[in-house]
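Numbering (full-length UniProt numbering), first residue to last: 1 to 212. Where is the CB? At the ideal position from N, CA and C, for every residue including glycine. Owing to the predicted nature of the structure, the values given are computational and were not obtained by experimental measurement.
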Amino acid sequence: MEDDQMFLYSQQSDANSYNQMVPTEGETKCRRRRKKNKVEKINEDIGFRKRKLTDEQVRLLELNFGNEHKLESDRKDRIAMELGLDPRQVAVWFQNRRVRWKTKKIEEEYSELKRAHDGVMVEKCHLQSEVSRLKEKLMEAEKQIQQLKERSVDHTSNLSMGSPSSSCFTVDGGDPMFMPDGFDNNFFYVPNGDINYIHGMEWVQDLYGSLQ
DNA sequence: TAGAATTGTCTATTACATCA
DNA sequence: ATGATGTAATAGACAATTCT
1 MEDDQMFLYS QQSDANSYNQ MVPTEGETKC RRRRKKNKVE KINEDIGFRK
51 RKLTDEQVRL LELNFGNEHK LESDRKDRIA MELGLDPRQV AVWFQNRRVR
101 WKTKKIEEEY SELKRAHDGV MVEKCHLQSE VSRLKEKLME AEKQIQQLKE
151 RSVDHTSNLS MGSPSSSCFT VDGGDPMFMP DGFDNNFFYV PNGDINYIHG
201 MEWVQDLYGS LQ
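Okay, structure coming up:
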């Protein structure tokens, strides 16, 4: 029965039905909804039903498609002959197969992009939390620096009232400097003997600037 | 060389078969 | 019975190639 249907199909698929329909003059360019053509009407009249290709036919078509997605005329005729199909059927199968292949490829590319995007988003979250953590640390450091300055002012006023302090020293004959309790003096100590408080502040300012 | 015809491919859509 | 899905097939547009 299937062979009979194929025979009928081939009988109906005359050369005219393959030819490209050229739009007639004045015909609108927009797409119209397709109506049944002559061949379809004839097929309907004689009871022709669209049939699926056999597994073997599909297997061989897939094999050919795997080799080359495009279909030259000679190749189309040869495949059609081998499979007992109309060349037009082979061309249609290849066209639909290219569409499926392209759709699948787009889906795969989308999945890949989404995976990459998700990875970047996770990385972004990590970096944002790291920035928050560092900002908190910086604020804490600034608070401590402020406290140091305030104590410095207190010590200065105490000194002026004659209260000595072991944490007091001077830099190049400049203003007296004070270290807070528990603060390691060596933190600002430079081996060549140059004790430089200002350089220490610059380090903090640089750090702050890089986090802005 | 220009323009008509042909050919192949694409997108959009329809029609039909099959299955849950 | 029926809606969803897959796929064979068609229509129409367009570009490249061939023909006259």
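{"Check": "With 16 other CB atoms within 10 Å as the buried threshold, where does L83 fall?", "Outcome": "buried"}
{"Check": "Put K135 into one of helix, strand or coil per three-state DSSP.", "Outcome": "helix"}
{"Check": "Can I79 and N64 be called in contact, C-beta distance under 8 Å?", "Outcome": "yes"}
{"Check": "Just mark Q128 as buried or exposed, buried being the case when its beta carbon has 16 or more other beta carbons within 10 Å.", "Outcome": "exposed"}
{"Check": "For a test of the three-state rule: what should DSSP assign to G84, helix, strand or coil?", "Outcome": "coil"}
{"Check": "Under the three-state reduction of DSSP, which class applies to K52: helix, strand or coil?", "Outcome": "coil"}
{"Check": "From the DSSP output, in three-state form, read off residue 276 for me.", "Outcome": "Limits of the chain in this structure are 1 at one end and 212 at the other, which puts residue 276 out of reach."}
{"Check": "DSSP state of L71, grouped into three classes?", "Outcome": "coil"}
{"Check": "Do A91 and L71 come within 8 Å of each other at the CB atom, strictly closer than that value?", "Outcome": "yes"}
{"Check": "Under a three-way DSSP split, which group does R32 fall into?", "Outcome": "At R32 the pLDDT is 32, less than 50, meaning the model places this residue with poor confidence; the figure from the coordinates comes in the next sentence. If DSSP states are grouped into helix, strand and coil, R32 belongs with coil."}
{"Check": "Which class does I195 belong to by DSSP, given the choice of helix, strand or coil?", "Outcome": "Here I195 scores only 38 on pLDDT, less than 50, and its place in the model should not be relied on; the value that follows carries that caveat. I195 falls in the strand class under three-state DSSP."}
{"Check": "What does the Cβ neighbour count give for L85, buried or exposed, with the cut at 16 atoms within 10 Å?", "Outcome": "buried"}
{"Check": "Could you give the distance in angstroms between the alpha-carbon of V153 and the alpha-carbon of Q146?", "Outcome": "11 Å"}
{"Check": "Below 8 Å between beta carbons: does that hold for R88 and H69?", "Outcome": "no"}
{"Check": "Count the other CB atoms, across all protein chains shown, that sit within 10 Å of the CB of W101; report buried if there are 16 or more and exposed otherwise.", "Outcome": "exposed"}
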